[in-house]
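My numbering runs 115 ahead of the 1-based position in the sequence shown.
Cβ coordinates follow ideal geometry from the N, Cα and C atoms, glycine included.
Please read all numbers here as calculations on a predicted model, not as lab measurements.
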Amino acid sequence: MRHLLRALGITGRIKSPTYAVVEPHEAPDGLAIFHFDFYRFSDPREWEDAGFRDIFAGPGLKLAEWPENAAGRTPIADLAIKIEAMTDDTRSVTLLANTPRGGDLLSHAAA
116 MRHLLRALGI TGRIKSPTYA VVEPHEAPDG LAIFHFDFYR FSDPREWEDA
166 GFRDIFAGPG LKLAEWPENA AGRTPIADLA IKIEAMTDDT RSVTLLANTP
216 RGGDLLSHAA A
């Protein structure tokens, strides 16, 4: 996730949101970016209890790790990114468009 945030222009320290659950960032162009880590969620209702509905309903880019732990609460991702470790040094990255907007993002990424 750090590499993606760096590619989006985020500078300075990028903390993992494992304990805070969400870390907000602002890209140089003013885009609000919210990095979520739902690893510690044991019940999807925690997403509601934490008030994340308002963040997801607002403008900006939302990046979620372990989204299955908040299953049924988060909106459908426009673009799903799956990263798998193949070896210590290599990763497999799969991009899947789930919505028309995700398709647009994917086609721009491929261009």
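query = Helix, strand or coil: which one does DSSP assign to A172?
reply = Under the three-state reduction of DSSP, A172 is assigned to helix.
- Message: Just to confirm before moving on: does the CB-CB distance between H150 and P174 stay below 7 Å?
- Response: No, these two residues do not count as a Cβ contact at 7 Å.
* From V127 to L120, what distance separates their C-alpha atoms? -> The question names Val, but residue 127 is Gly in the sequence shown. About 11 Å.
- For S207, the three-state DSSP class (helix, strand or coil): Strand at S207.
Nearest-angstrom beta carbon gap, I125 and A142 [assumed within contact, 8 Å]: Contact annotation, A142 with I125: C-beta distance approximately 7 Å; criterion of less than 8 Å satisfied.
Quiz prompt | Top-ranked residue by Cα proximity to R188, from V208, F167, M201 | solution = Among V208, F167, M201, the Cα nearest to that of R188 belongs to F167.
- What separation, rounded to the nearest whole angstrom, lies between the Cα atoms of R206 and A122? Answer to the nearest angstrom: the Cα atoms are 17 Å apart.
Which of helix, strand or coil DSSP assigns to D164: In the structure shown, D164 falls within a helical segment according to DSSP collapsed to helix, strand and coil.
Next item on the list: Can you say whether W181 is buried or exposed, counting buried as having 16 or more other CB atoms within 10 angstroms of its CB?
Entry: Around the beta carbon of W181, a 10 Å sphere encloses fewer than 16 other beta carbons of the protein chains shown; the residue is thus reported as exposed.
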